[in-house]
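I have placed the structure first, in the form of structure tokens, so that the comments after it can refer back to it.
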Amino acid sequence: MRASAELHPEDLLDRDARGELGDAERALLEAHLQRCAACRIERRARVDFRAELEPPQGEDERGEVQPLLAKVLAMHPAKTPPAVASRVSRGRRLLPLLVAAALVSAAAWAATAVRTGLRSASAPAASPPTLAAAPQPAGPTSPVPARVELAPPVVAAIAPVPAATQAPAPAETAAGAQRASFVTHVPLETSAGASFDRANSARRSGDHRRAAELYRALVARYPDTAEARASLVALGTMLLDDGDAAGALASFDRYLSAGGGLAEDAMLGRALALRHLGRPGDEASAWGALVRQYPRSVHAERARQRLLELGTP
Amino acid sequence: MADGDPIPRLEAAVAAEQPIMARDAVLELARAASSGDVRATRQLLELVAPRVMRAVRAVMGPAHPDLEDATQLALIGFIQALPSFRGDCQPVQFAARIAVRTAGTARRRAALRGSRHDPSADLEAIRAPAGELEAARRRDAVRRLLDDLPEEQAEALALRMILGWSIKEIAAATATPLNTVRSRLRLAKEGLRRRVSEDPALAEALDEATGEP
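Just so you know, the protein sequences line up as chains A and B, in that order.
Counting in my numbering, the final residue of the first sequence is number 313, and the numbers go up one at a time with none missing.
Counting in my numbering, the final residue of the second sequence is number 526, and the numbers go up one at a time with none missing.
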């Protein structure tokens, strides 16, 4: 019998690592190891990796841990009063968005860095911003004013927009003219990344009206950017928590029409929005889709439980 | 892990750093953190962060450019996953499992973004003391093997080979039946064996140059 078809003696390997094998068991294990490359590799790997997993000797690991915790806690929504359950819940669901915001900032930073030669061989090595880094401006060549006053939102509600209305330059269509009038209120050097940072800041500070305006303006002005995509989920989540389930659903639907890295969160938001709208059939379909697409999601158990409640296991 | 279960050898370092917590105390802490209690969240993070850092580093390689981001994502993932924590294992194991998944995903994404070559492997070899060069080379080869396995198999094999967990521990931390874990490991090892037999350079890196008898 080929080794690959055998049962691998993981228990013997465990006890061998602990020095607990008797002679007979050791002989059995060695006989298997002679035949099985995979188990030989496993035994060596467990020894090789052990050193990497042990606490560093003579080094104060706390010096590395504490800054890391500070960054993570800075992003954690538990800073909101725990007594306000809905706000905590909202914060927890927004965590991926905070991460996405930081990632988008990092991507924008990296792109700018490449454009401006920050990563050229002659320049000192530059580190990309970490996930918890403060919002980054567009870059050294495009300063962003500390505060930008915006006109009322030009997109009243996020709803699926035909691609044709997104493709032309702003001044080429009526919709473009509308956007152009908006553009006059925003400095030309403002980037999608900077807009996204401002919208996130407004949301974090609790100014949801302004955050919604900023997200919508961003989606209208930079429809093809990663920031616009993330804005749809951020906006949907915020609207949902503020009780605008219809608006939230439109935002999530628009995001999901193209898919992306936040699809799992958008699908959760969509299901919750449908629940708020009292559409049990559509809600069940939404939960079912979430479970099928992300069976190991942290939301999967919640989805299954809700499906049971809806009578659609 | 339920009270009374043995603490495996490779968890000894963790046990030395942090007392094994009673299941009720762990659940209470996780519940408090889930509901937004800042102190509980910090306490849990302080408990698991060192282990998460080491697990992410072990899976990704100590010089991987995305190491810091992945570590932060793993800790955030841990906080997010707390509502599903049932106390079937210690929080450090629950977090380490999330760290392994997050780190594996980060490695695969980095490989898709750029070249398949992982510069951290070279850096690790350069930094390693002379006596550890071979171990560093084998660790890198194991990481590359894991990159090519299906996600669930890679996770099971990483928990086994890198963290040194028993099947029972993997089952508890992943909320997966024992036989499913065994099955994933069997399939992963079959894939591993196939890769090694087809790739002499990889076999050499793993000290398996002579091939399987």
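C-beta: ideal position from N, C-alpha, C; glycine also.
My assumption, with CB atoms under 8 Å, is that A368/B sits in contact with L476/B. Please give the rounded CB distance. Start at 1 with the first residue of the second sequence, and residue 368/B comes out as number 55. Start at 1 with the first residue of the second sequence, and residue 476/B comes out as number 163. The distance from the Cβ of A368/B to that of L476/B is about 6 Å, consistent with a contact at the 8 Å cut-off.
Does any residue of chain A have a CB that is nearer than 8 Å to the CB of L446/B? By 1-based counting over the second sequence, the position of residue 446/B is 133. In terms of beta-carbon proximity, L446/B stays away from the interface with chain A, with every pair separated by 8 Å or more.
How many Å lie between R414/B and A469/B at the Cα? For this step, residue 414/B is matched to residue 101 along the second sequence. For this step, residue 469/B is matched to residue 156 along the second sequence. Their Cα atoms are separated by approximately 10 Å.
Cutting at 8 Å between CB atoms, please list the residues of its own chain near L29/A, excluding the five before and the five after it. In the first sequence, the residue the question calls residue 29/A occupies position 29. Around L29/A: P9, L12, L13, D16 and L21.
Range covered by the alpha helix (DSSP H) that runs through F407/B: Within the second sequence, numbered from 1, the residue matching residue 407/B stands at position 94. Bounds of the alpha helix (DSSP H) holding F407/B are P404 to R426.
Please classify Q403/B as buried or exposed, where buried requires at least 16 neighbouring CB atoms within 10 angstroms. For the purposes of this step, residue 403/B is taken as the residue at position 90 of the second sequence. That one is buried.
Suppose you measure from the CA of R508/B to the CA of R46/A; what does that come to, to the nearest Å? Locating residue 508/B in the second sequence gives position 195, where the first residue counts as 1. Locating residue 46/A in the first sequence gives position 46, where the first residue counts as 1. R508/B and R46/A: Cα-Cα distance of roughly 19 Å.
At least one CB of chain B closer than 8 Å to the CB of E227/A: is that the case? Working through the first sequence from its first residue, we reach residue 227/A at position 227. Chain B, which has no Cβ nearer than 8 Å to the Cβ of E227/A, makes this no.
Taking the alpha-carbon positions, what's the L33/A to R506/B distance? Here residue 33/A corresponds to residue number 33 of the first sequence, with the count starting at 1. Here residue 506/B corresponds to residue number 193 of the second sequence, with the count starting at 1. Using only the alpha carbons, I get a separation of about 13 Å.
For chain A, is any of its Cβ atoms less than 8 Å away from the one on V361/B? Your numbering for residue 361/B matches position 48 in the second sequence. With 8 Å as the cut-off, V361/B does not count as an interface residue toward chain A.
Using only alpha-carbon positions, find the residue among L515/B, Q466/B, A518/B and A486/B that is nearest to R495/B. Position 182 of the second sequence holds residue 495/B. Ranking L515/B, Q466/B, A518/B and A486/B by CA distance to the CA of R495/B puts Q466/B first.
Between R254/A and L232/A, which are expected to be in contact by the criterion C-beta below 8 Å, what is the C-beta distance as a whole number of angstroms? Residue mapping note: residue 254/A aligns to position 254 of the first sequence, counting from 1. Residue mapping note: residue 232/A aligns to position 232 of the first sequence, counting from 1. With a beta-carbon spacing of about 5 Å, R254/A and L232/A fall inside the 8 Å limit used to define contacts.
Proximity winner among K481/B, D460/B and A454/B, relative to A419/B (alpha-carbon distances): Translated into positions along the second sequence, residue 419/B becomes position 106. That would be D460/B, whose Cα lies nearest to the Cα of A419/B.
Three-way DSSP call (helix, strand, coil) for R210/A in this model: Against the first sequence, residue 210/A aligns to sequence position 210. Helix at R210/A.
When the Cα atoms are used, what is the spatial distance from D224/A to A263/A? Taking the first residue of the first sequence as 1, we reach residue 224/A at position 224. Taking the first residue of the first sequence as 1, we reach residue 263/A at position 263. Rounded to whole angstroms, D224/A to A263/A spans 17 Å at the Cα level.
Just by C-beta distance, which residues in the region 382–395 of chain B are closer than 7 Å to chain A? Of all residues in the region 382–395 of chain B, D382, T384, Q385, L386, L388, I389, I392, Q393 and A394 have a Cβ within less than 7 Å of some Cβ in chain A.
Could you give the first and the last residue of the continuous alpha helix (DSSP H) run that contains R296/A? Within the first sequence, residue 296/A is the residue found at index 296, counting from 1. DSSP places R296/A in no alpha helix (DSSP H); its state is neither H nor E.
Output needed for A353/B: all residues of its chain with C-beta closer than 6 Å, excluding positions within five of it in sequence on either side, in chain order. As a first step, residue 353/B is located in the second sequence; it is residue number 40 there, counting from the start. Residues L342, A345 and A346 of the same chain have their beta carbon placed closer than 6 Å to that of A353/B, with the five preceding and five following residues left out of the count.
Proximity to P55/A [Cα-Cα], best of L498/B, P363/B and V372/B: Here residue 55/A corresponds to residue number 55 of the first sequence, with the count starting at 1. That would be P363/B, whose Cα lies nearest to the Cα of P55/A.
In whole angstroms, give me the CA-to-CA distance for S201/A and A194/A. Position 201 of the first sequence, counting from 1, holds the residue named residue 201/A. Position 194 of the first sequence, counting from 1, holds the residue named residue 194/A. Spanning the two alpha carbons is a distance of roughly 10 Å.
Please confirm whether L268/A has its beta-carbon closer than 8 Å to some beta-carbon of chain B. Position 268 of the first sequence holds residue 268/A. No - not a single Cβ of chain B is within 8 Å of the one on L268/A.
By the 10 Å Cβ neighbour count, where 16 or more other Cβ atoms means buried, how is E52/A classified, buried or exposed? Residue mapping note: residue 52/A aligns to position 52 of the first sequence, counting from 1. The residue is buried, with at least 16 neighbouring Cβ atoms inside 10 Å.
Would you say G417/B lies against chain A (beta-carbon separation less than 8 Å)? Start at 1 with the first residue of the second sequence, and residue 417/B comes out as number 104. With 8 Å as the cut-off, G417/B does not count as an interface residue toward chain A.
Nearest to P375/B (by Cα), restricted to the options R456/B, F391/B, S348/B and L358/B: What you label residue 375/B is simply residue 62 of the second sequence in a count that begins at 1. If we check each option's Cα against that of P375/B, R456/B comes out closest.
Going by CA-CA distance only, name the one from H276/A, S251/A, A289/A and S297/A that's closest to A234/A. The residue labelled residue 234/A in the question sits at position 234 within the first sequence. For the residues H276/A, S251/A, A289/A and S297/A, the minimum Cα distance to A234/A belongs to S251/A.
Taking the beta carbon of D48/A as the centre, do at least 16 other beta carbons fall within 10 Å, making it buried, or is it exposed? In the first sequence, counting from the first residue as 1, residue 48/A sits at position 48. So D48/A counts as buried.
Contact criterion: CB-CB distance below 8 Å. Does H32/A meet it with respect to chain B? Along the first sequence, one-based indexing puts residue 32/A at 32. Chain B places no beta carbon closer than 8 Å to that of H32/A, leaving this residue out of the contacts.
For the putative contact between Y215/A and A199/A, defined by C-beta atoms under 8 Å, what is the C-beta separation to the nearest angstrom? Taking the first residue of the first sequence as position 1, residue 215/A is located at position 215. Taking the first residue of the first sequence as position 1, residue 199/A is located at position 199. Here Y215/A really is in contact with A199/A; their C-beta atoms are around 5 Å apart, less than 8 Å.
Which word fits G504/B, buried or exposed, when buried means at least 16 other C-beta atoms lie within 10 angstroms of its C-beta? Taking the second sequence and counting its residues from 1, one reaches residue 504/B at position 191. Buried: at least 16 other Cβ atoms inside 10 Å.
Consider the Cβ of L380/B: report whether some Cβ of chain A lies at a distance smaller than 8 Å. On the second sequence, position 67 is the one that residue 380/B refers to. Output row for L380/B: interface = no.
So M75/A contacts chain B; which residues on that side make the cut at Cβ distance below 7 Å? Here residue 75/A refers to the residue found at position 75 when the first sequence is read from its first residue. The answer, in chain order, is I389.
Cβ of V455/B within 8 Å of any chain A Cβ: For the purposes of this step, residue 455/B is taken as residue 142 along the second sequence, with counting starting at 1. For V455/B, the answer is yes, since a Cβ of chain A falls inside 8 Å of its Cβ.
Check whether the Cβ of P55/A lies closer than 8 Å to any Cβ atom in chain B. Reading the first sequence from its first residue, position 55 is the one you call residue 55/A. Interface with chain B (8 Å Cβ-Cβ cutoff): P55/A is included.
Taking just the CA atoms, how far does A371/B sit from R50/A? One-based indexing of the first sequence puts residue 50/A at position 50. One-based indexing of the second sequence puts residue 371/B at position 58. Taking the straight line from one Cα to the other gives about 9 Å.
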